[in-house]
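Start counting the sequence shown at 3; every next residue gets the next number (my numbering).
Yeah, the Cβ is synthetic: ideal placement off N, Cα and C, and Gly gets one too.
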Amino acid sequence: MRVALICNTISAFPLLHWLDSQGILAGVGIKEQKTDFSNDLSVICQQKKLTPHIFKKENLAQQLSSWIRITRADIVLVLGFSYKIPKEVLKLPQLGFYNIHFGKLPLYGGTFPVFWQIKNQEKEGSLTIHQIDENFDSGPIAIEIPFEIKPINTFGIVETNYSHMSINGVFQLLDKILKNTLSLKPQPKRNQVLLPIPTAKDIIINWQTMKAEKILALIKACNPWNRGAIARINGIDVKIIEAKTSSASSKKAGEVIQLSANGMQVSCIQNTALDIKILYSQFGYLEGETLNAFGVKEGDVFEKILV
């Protein structure tokens, strides 16, 4: 079997290495770009004596048709590719196109599912591999692998878990295809959700409405890709990178209760509190006693940010 991989994320690298180690990697494709990812991929492909194919958005169907013919791919796997695969090329590989999605479908469709799973405090994630149809993340499901998402897990940790789990998922997919035991489960169209890429309002802490547990989930969901969740105190915007929850007597939401070598304790609603360990600001990365480096003192209050 010859397997081609179209990707647009470093999360595809473990799978790429595995496919190559099995001697079944027919080709690699990415969208046109000049990024750290494309530079890293070029280095990896050079080591493997491969030339990644660069896909442009215009005339994508023609490019894919030619690439599939040249690579002689039996199946095409897609991971993190933002262009919609044209309907007319979906049947060109003998075994079709399959998308590797980092979330349970149809509840967590879209291009940034890991963020929303952590922010929503989901206790379980699910690697989903589905056959690609004419719409995004809507094709029948071939493989589902559930796993635990722990409250301490950051975006980076969960994304890495998904990344390595994709190897197991693809192994199961190819094994079932070879044994002729693959069963596809249609998705209920009425329940499909395509979640957006987070905007400013999604990554800002609202001290007036969010309990400490919810704030902590947002912080984890923003680490490392956004350097944490956004907050403001004394007119200075900061990003909270690491924290933990605690309890505290009722005070004004967002009020700094205590500053110590252990960090900054901030009051939250419903008698909860957030112990901030690390934050990022214009002064750099701050932790412990250095959290008051920009003049914050006990009794100061984190502000409400309007967007």
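Report task. May I ask you to verify whether the stretch 54-69 touches the stretch 26-33, counting CB pairs closer than 8 Å and requiring at least 3? Result -> yes
**OP:** Compute the distance between the beta-carbons of LEU261 and ILE217, then report whether it is under 7 Å.
**Re:** no
* Quick one: complete alpha helix (DSSP H) runs, 4+ long, within the stretch 181-269? -> 214-223
**Request:** Buried or exposed for PHE285, please, with buried defined as at least 16 other CB atoms from any protein chain shown within 10 angstroms of its CB.
**Result:** exposed
* To do: Mark ASN182 as exposed unless 16 or more other C-beta atoms lie within 10 angstroms of its C-beta, in which case mark it buried.
  => exposed
Q.
Along the chain, where does the alpha helix (DSSP H) containing LYS106 start, and where does it finish?
A. Where LYS106 is concerned, there is no enclosing alpha helix (DSSP H), given that its DSSP letter is neither H nor E.
ask   = Near ARG229, what residues of its chain come up, given a Cβ to Cβ distance below 8 Å and the 5 sequence neighbours on each side ignored?
value = LYS241, ILE243 and TYR282
Check your understanding: Within this structure, are the beta carbons of LEU94 and ILE120 separated by less than 7 Å?
Key -> no
Could you check if THR37 is buried or exposed, using at least 16 other CB atoms within 10 Å of its CB as the buried criterion?
exposed
Discussion item. Under DSSP, the beta strand (DSSP E) around LYS33 begins and ends at which residues?
Written reply: 27-33
Which whole-angstrom value is the C-beta distance of SER128 and LEU17, which I expect to be below 8 Å? About 17 Å; that fails the 8 Å criterion.
In the structure shown, what three-state DSSP assignment does LYS86 receive? coil
Taking the alpha helix (DSSP H) that ASP277 falls in, what are its first and last residues?
Looking at the DSSP string, ASP277 is not in any alpha helix (DSSP H); the run it does join, the beta strand (DSSP E), is 274-283.
* To do: Give a yes or no on whether the C-beta atoms belonging to VAL91 and ILE8 are separated by under 7 Å.
  => no
I need the boundaries of the alpha helix (DSSP H) containing PRO16, first residue and last residue.
15-23
key: For PHE296, three-class secondary structure by DSSP   = coil
Notebook entry, point to check: Considering only residues of the same chain and omitting the five flanking positions on each side of LEU197, which have a CB-CB separation below 6 Å?
Noted result: GLY112 and TRP118
Can you name the residues that DSSP bridges to SER128? PRO148
- Own chain residues within Cβ distance below 7 Å of LYS253, not counting five before or after: ILE259 and SER269
Note to self: Rounding to the nearest angstrom, what Cα-Cα distance links ILE278 and GLY290 in this structure?
What the structure shows: 9 Å
Would you kindly work out how many angstroms separate the C-alpha atoms of ILE77 and LYS178, rounded to a whole number?
13 Å
Using DSSP with H/G/I as helix, E/B as strand and the rest coil, what is GLN49?
helix
Could you give the distance in angstroms between the alpha-carbon of ILE232 and the alpha-carbon of GLU124? 21 Å
(request) Starting from the C-beta of PHE138, find all residues in its chain whose C-beta is less than 7 Å away, skip the five residues before and the five after it, and write them out in chain order. (result) LYS86, GLY111 and LEU196
Fill in: Limits of the beta strand (DSSP E) - the one that ILE8 falls within
5-9
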